[in-house]
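Okay, structure first, notes after.
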Amino acid sequence: MKKINKSPPLNNLTEYAQNYPQHNWNDFRNNNQGNDYQTVKNVIFTDQGKLCAFCENEVIDIHKQRIEHFHAKADLSDLNHNWALDWGNLIGVCFGGSDVDRTIHPLPDNLSCDAHKDYLIVKNKLPMACEGFLLHPLKLPAFPCLFDFDKRTGELRAKADYGQISIEHNHFDTLIELVEQTIEILNLNCDRLNKQRLAVLNQYNQEIKKARIANDQNIHLKLATRWFQSRWLPFFTTRRILLNGHAEHYLSSLNFDG
126 MKKINKSPPL NNLTEYAQNY PQHNWNDFRN NNQGNDYQTV KNVIFTDQGK
176 LCAFCENEVI DIHKQRIEHF HAKADLSDLN HNWALDWGNL IGVCFGGSDV
226 DRTIHPLPDN LSCDAHKDYL IVKNKLPMAC EGFLLHPLKL PAFPCLFDFD
276 KRTGELRAKA DYGQISIEHN HFDTLIELVE QTIEILNLNC DRLNKQRLAV
326 LNQYNQEIKK ARIANDQNIH LKLATRWFQS RWLPFFTTRR ILLNGHAEHY
376 LSSLNFDG
């Protein structure tokens, strides 16, 4: 998971919410024959560089792009806050493994992202008001990276030390616990995602091996340029962790902020 930024309003959704503040999500989706919904979805995924806001898989096919309400849109406890039409509550996600071959990646073990988060909400294991129980991509710091990577298994981990970094409204005692719970709630260490991250590691190792043979001392800078000069390659955070300080230096030079 990386920090993401949203385009500022006005847009089709915010205008609709101003005109019809009591309407629900389906009302908006069906408005104007669904054209406004498609426009908003395109804005969201363009903002995110076509990456899922949770697992960072690339989601190019518009039929596999889904809009997630971070705070469940079904929460009607506050009549003055319509979560369904709140622009700041919307992020773009993948199908979370619900669209893959279940004989290879059985469910629910390989559900991830909002698919697994919603599964927990339905099972009453996570509240609809989930802020503070997991990290919000819109509210992450750009620096430092909050995750680590186990090269043996492909699993994401919390870092051992975050220094003075803190996250507002954290329901846990430490940031480490919040990061660990984020990984668990979104099931980011399911076998399917671990294998995809290991594929990125394998690609990285091959590049490093070729560079050593060629005595290329600038391979890390070259990889940082190749991986981060455009928005963004899939599994951004995995690539960032692999390049470590080289990535941080290059992203700083870009004034990276999501």
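Count along the sequence shown from 1, add 125, and you get the number used in the working numbering.
Glycine included, C-beta positions come from ideal geometry on N, C-alpha and C.
None of these values were measured; they are calculated from a predicted model.
Taken atom to atom, the span from the alpha-carbon of E181 to that of Q163 is near 21 Å. At the C-beta level, H196 and M253 come within 9 Å of one another. Between the region 277-285 and the region 319-326, the count of Cβ pairs shorter than 8 Å is three or higher; the stretches touch. DSSP places E193 in the strand class (E or B) of the three-state scheme. Cβ-Cβ separation between A209 and H194: approximately 7 Å, consistent with a contact (criterion under 8 Å). Inside the region 243-320, DSSP marks whole beta strand (DSSP E) runs of 3 or more residues at positions 272-274, 281-283, from first to last along the chain.
Three or more pairs of CB atoms, one per stretch, sit closer than 8 Å, so the region 170-177 contacts the region 356-369. Shown here, G217 sits in a strand according to DSSP, grouped into three states.
Boundaries of the alpha helix (DSSP H) around V168: 160-172.
Taking C-beta separations shorter than 7 Å and ignoring five residues to either side along the sequence, the partners of N137 in its chain run D161, T164, V165, following chain order. Around S377, the same chain offers F268 as residues with beta carbons nearer than 8 Å, after the five sequence neighbours per side are excluded. Ranked by Cα distance from K242, the options P231, H230, H261 are led by H261.
It is roughly 36 Å from the alpha-carbon of I308 to the alpha-carbon of D341. Between the alpha carbons of Q289 and L311 lies a distance of about 25 Å.
When beta bridges are read from the DSSP output, E181 appears opposite no residue. For D172, the closest of N155, Q158, I129 by C-alpha to C-alpha distance is I129. For F381 and N314, the gap between their C-alpha atoms comes out near 26 Å.
The C-beta of D286 has fewer than 16 other C-beta atoms within 10 Å across all chains shown, which makes the residue exposed. Distance between A336 and K127, taken at the CA atoms: about 28 Å.
Less than 9 Å separates the beta-carbon of L303 from that of L259. A Cβ-Cβ separation of about 7 Å places L263 in contact with G213 under the 8 Å criterion.
Under DSSP, the beta-bridge partners assigned to L176 are E183.
Excluding its 5 nearest sequence neighbours in each direction, R364 has C-beta neighbours in its own chain below 6 Å: W352, listed in chain order. For K131, there is no enclosing alpha helix (DSSP H), as DSSP marks it with neither H nor E.
Separation of N205 and R191 (C-alpha to C-alpha, rounded to the nearest whole angstrom) is 26 Å. Bounds of the alpha helix (DSSP H) holding H345 are 344-353.
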